[in-house]
Amino acid sequence: MLTRETRKYLKSITNKRARVVIDHILKHGRITTEEPEKHYGYNHPPRAARDVREAGIPLVTIRVKSSDGRSIAAYKFGDFSEVRRGRFEGRAALPRSLRDALYRDGGGKCYVCSGRFEARYLQVDHRIPYEVAGEQKQDVEPRTRFMLLCGSCNRAKSWSCEHCGNWGNKGRPDVCGKCYWADPLAYLHVSLRLVRRADIQWEAEEVAEYERLRLLSKAASESIPDYVKRTLRRAIAAKEQ
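Per the numbering used here: the sequence shown = residues 153 to 393.
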């Protein structure tokens with residue numbers, strides 16, 4: 153049963169994506185990942201769900217059957233009594249000056265894939281998810297708490313974080329701080345998995361190099377990542393001799 157205060161806060165959310173999720177759950181008890189596109193024309197449900205969570209509203213993910221019998225995800229409200237103090241007000245608005253500073257610091261690149269983008273295509277994102285740490289201490293330099301991500305990397309981070317065992321308002325911020333998605337240059341794990349990764353993007357004149365790489369990997373009957381790793385192993389071994 154939602155309290156009057158909770159319902160009042162839910163009604164105060166103005167973010168359009170979050171509004172779709174909230175209203176649908178209030179009416180139907182849950183919203184599946186196929187319903188935002190089917191009923192509202194929005195085809196990225198995880199981003200809409202994240203907007204709800206960033207507003208301080210707890211959501212849990214469950215598995216349900218789709219209209220054609222497939223197993224898909226759905227979202228419903230979580231336990232509002234577990235919302236951390238200070239989290240219910242939601243995510244603070246970020247000033248344009250922060251985006252501009254991050255853009256200058258990063259040379260106009262996505263902090264994960266290093267692809268160059270116009271500023272409007274890069275999104276300011278918490279290094280440590282808001283759903284885990286809330287709004288961190290304001291005396292911490294903002295440019296160390298946030299980073300700029302392209303749309304693809306932001307979606308990849310969202311999926312990875314939401315499927316991590318440290319996810320949610322009971323998660324440990326220090327664990328997130330040692331994750332690849334918090335700092336791609338210095339990390340110990342990727343969503344608790346002991347792995348290492350490198351996201352690479354070829355652009356402009358580099359595209360021709362990528363096409364050569366693609367043809368070489370195809371001739372070797374290997375995927376591009378496998379071919380790159382094998383080539384690097386040989387190059388490193390030769391250099392160490």
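Just so it is clear, CB atoms sit at the ideal spot from N, CA and C, and this is done for glycine as well.
Quick caveat: nothing in here was measured; it's all calculated off a predicted structure.
Q: Report yes or no: is there a C-beta of chain B within less than 8 Å of the C-beta of Ala271?
A: Within the model displayed, chain B is absent; a lone protein chain is all it includes.
**Q.** Touch test, the stretch 261-271 against the stretch 294-309, Cβ-Cβ under 8 Å, three pairs minimum
**A.** yes
Q) For Phe269, which of helix, strand or coil comes out of DSSP? A) In the structure shown, Phe269 falls within a coil segment according to DSSP collapsed to helix, strand and coil.
Q. Rounded to a whole number of angstroms, what is the C-alpha to C-alpha distance between Ser369 and Gly329?
A. A direct Cα-Cα distance of roughly 35 Å separates Ser369 from Gly329.
Q. Looking at the structure shown, is Ile165 part of a helix, part of a strand, or coil, going by DSSP?
A. coil
**Q.** Beta carbon of Asn195 nearer than 8 Å to that of Glu187
**A.** no
Q: Determine contact between the stretch 305-323 and the stretch 333-345, defined as no fewer than three beta-carbon pairs at a distance below 8 Å.
A: yes
(Q) Assuming Tyr227 is part of the beta strand (DSSP E), what are its boundary residues? (A) For Tyr227, the enclosing beta strand (DSSP E) covers residues 223-229.
Q) When the Cα atoms are used, what is the spatial distance from Ala390 to Arg382? A) 12 Å
Q) Can at least three beta-carbon pairs, one atom from the stretch 271-285 and one from the stretch 242-262, be found at a separation below 8 Å? A) As far as the Cβ criterion goes, the stretch 271-285 touches the stretch 242-262, which means the pair count is three or higher.
Q) Can you give the beta carbon distance from Asp314 to Pro198, rounded, assuming they're within the 8 Å contact cut? A) The displayed chain sequence assigns Glu, not Asp, to residue 314. Confirmed, Cβ separation roughly 7 Å.
(Q) Rounded to whole angstroms, what is the Cα-Cα separation between Val173 and Arg251? (A) When rounded, the distance between both Cα atoms is 27 Å.
(Q) On the DSSP bridge list, what partners appear for Asp203? (A) DSSP, once it has assigned bridges, lists no residue as partnering Asp203.
Q) So what does DSSP say about Arg279, is it helix, strand or coil? A) coil
Q | Residue from Ser219, Asp231, Ser310, Gly181 with nearest C-alpha to Asp203 | A | Ser310
Q) Who are Val284's beta bridge partners in DSSP? A) Paired residues: none, contrary to the question.
Q) At what residues does the beta strand (DSSP E) containing Leu254 begin and finish? A) Segment 248-257 is the alpha helix (DSSP H) holding Leu254; no beta strand (DSSP E) there.
Q: Identify which residue in Gly317, Lys228, Val380, Ser164 has its Cα closest to the Cα of Ala350.
A: Val380
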